[in-house]
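Asks: Residue 1074 is where the sequence shown starts when you use our numbering, and the numbers rise one by one after that. Glycine is no exception: its CB is placed at the ideal position from the N, C-alpha and C atoms. Have a look at this one.
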Amino acid sequence: MAILEREGPELFRVRFLDLARKVVKGLARDAVVHVDPYLLARAVAEVMHACTFRTARGGRLLWNEYRVILARGDFDLVRALQGPLERDLGAALAEEAAATGAELVGELRVSVVYDESDELRTGEATVRVAFQPTEKLAAPRSGELTVRFDA
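Shown next as structure tokens:
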């Protein structure tokens, strides 16, 4: 299966086991994969690479708002790691954006929530993306982890 599957113009599905096989060296074939800040950052980076928008001059544009929806079990693991996630996620994604030479339309924002409908399987996430000028960003809701940093 593919790491990333586009389910709509602004919606992607990520499979963490397939992602881990790509980014974690020496991962055993039958390994159990737990979502951690590194895999979460790599998942958002995969989605960033899928953005095909361009400026009028041909430069790359990236979405600046990413809403990651995790299965409840995965969210609980990530929530317990909130400190390292908040500390490192912004820097990791800023480096990713800079490496591609892409431009953001506003402040980069990543929200991590759990799937309230309980439709996602453990090890999968959906990522909803948007272009959102900084002044229009909404305040985080209760039960959300939000990481913001200047682009």
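Which two residues bound the contiguous beta strand (DSSP E) that contains V1200?
Replies: If you number the sequence shown from 1, residue 1200 lands on position 127. That run of the beta strand (DSSP E) goes 1197–1203.
Asks: Is it true that the segment 1098–1109 meets the segment 1074–1083, where meeting means three or more beta-carbon pairs spaced less than 8 Å apart?
Replies: Verdict: no, contact absent.
Asks: For L1154, which residues of its own chain have a beta-carbon under 8 Å away from its beta-carbon, when the five flanking residues on both sides are left out?
Replies: Locating residue 1154 in the sequence shown gives position 81, counting from the first residue. So the qualifying residues of the chain are D1109, P1110.
Asks: Take G1174 as the anchor and find which of R1182, R1115, C1124 has the nearest alpha-carbon.
Replies: Mapped onto the sequence shown, residue 1174 falls at position 101. The residue with the shortest Cα to Cα distance from G1174 is C1124.
Asks: Mapping the DSSP letters down to three states, classify E1080 as helix, strand or coil.
Replies: Counting from 1 along the sequence shown, the entry for residue 1080 is found at position 7. Here E1080 sits in strand by DSSP.
Asks: Between the Cα of E1189 and the Cα atoms of V1087, E1168, L1143, which residue gives the shortest distance?
Replies: Locating residue 1189 in the sequence shown gives position 116, where the first residue counts as 1. When each option's Cα is compared against that of E1189, the closest is L1143.
Asks: Nearest to V1152 by CA position, among V1186, V1202, V1097, is which residue?
Replies: Your numbering for residue 1152 matches position 79 in the sequence shown. The sequence given here has Arg at residue 1152, not Val. Of the candidates V1186, V1202, V1097, the one whose C-alpha sits nearest the C-alpha of R1152 is V1186.
Asks: Using a 10 Å radius around the Cβ and a threshold of 16 neighbouring Cβ atoms, would you call A1116 buried or exposed?
Replies: Position 43 of the sequence shown, counted from the start, is the residue given in the question as residue 1116. Buried, since its Cβ has 16 or more Cβ neighbours within 10 Å.
Asks: Would you mind stating whether A1114 and L1162 have Cβ atoms separated by less than 9 Å?
Replies: Start at 1 with the first residue of the sequence shown, and residue 1114 comes out as number 41. Start at 1 with the first residue of the sequence shown, and residue 1162 comes out as number 89. Cβ distance < 9 Å, so A1114 and L1162 count as in contact.
Asks: What residue from V1183, T1195, G1179 has the CA that sits closest to T1207's CA?
Replies: In the sequence shown, counting from the first residue as 1, residue 1207 sits at position 134. Minimum Cα distance to T1207 is reached at G1179.
Asks: Leaving out five residues on either side along the sequence, give the residues of the same chain with a beta carbon under 6 Å from the beta carbon of F1089.
Replies: In the sequence shown, the residue the question calls residue 1089 occupies position 16. So the qualifying residues of the chain are V1106, V1108, L1112, G1196.
Asks: Got a sec? Which residues, its chain only, sit under 6 Å from F1126 by beta carbon, not counting five neighbours each side?
Replies: Within the sequence shown, residue 1126 is the residue found at index 53, counting from 1. Closer than 6 Å at the Cβ level, and outside the excluded window around F1126, lie L1134.
Asks: Would you mind reading off the limits of the alpha helix (DSSP H) that contains V1108?
Replies: Residue 1108 sits at position 35 when you count from the first residue of the sequence shown. From DSSP, V1108 is part of no alpha helix (DSSP H); its letter is neither H nor E.
Asks: Judging by CA-CA distance, which residue of R1194, A1198, A1118 is the nearest neighbour of A1170?
Replies: Taking the sequence shown and counting its residues from 1, the one referred to as residue 1170 is at position 97. It is A1118 whose Cα lies nearest to the Cα of A1170.
Asks: For A1129, which of D1191, S1184, E1176 has the nearest alpha-carbon?
Replies: Here residue 1129 refers to the residue found at position 56 of the sequence shown. Closest option to A1129, Cα to Cα, is E1176.
Asks: From the DSSP output, in three-state form, read off F1089 for me.
Replies: Stepping through the sequence shown from its first residue, residue 1089 is reached at position 16. DSSP places F1089 in helix when its eight states are reduced to three.
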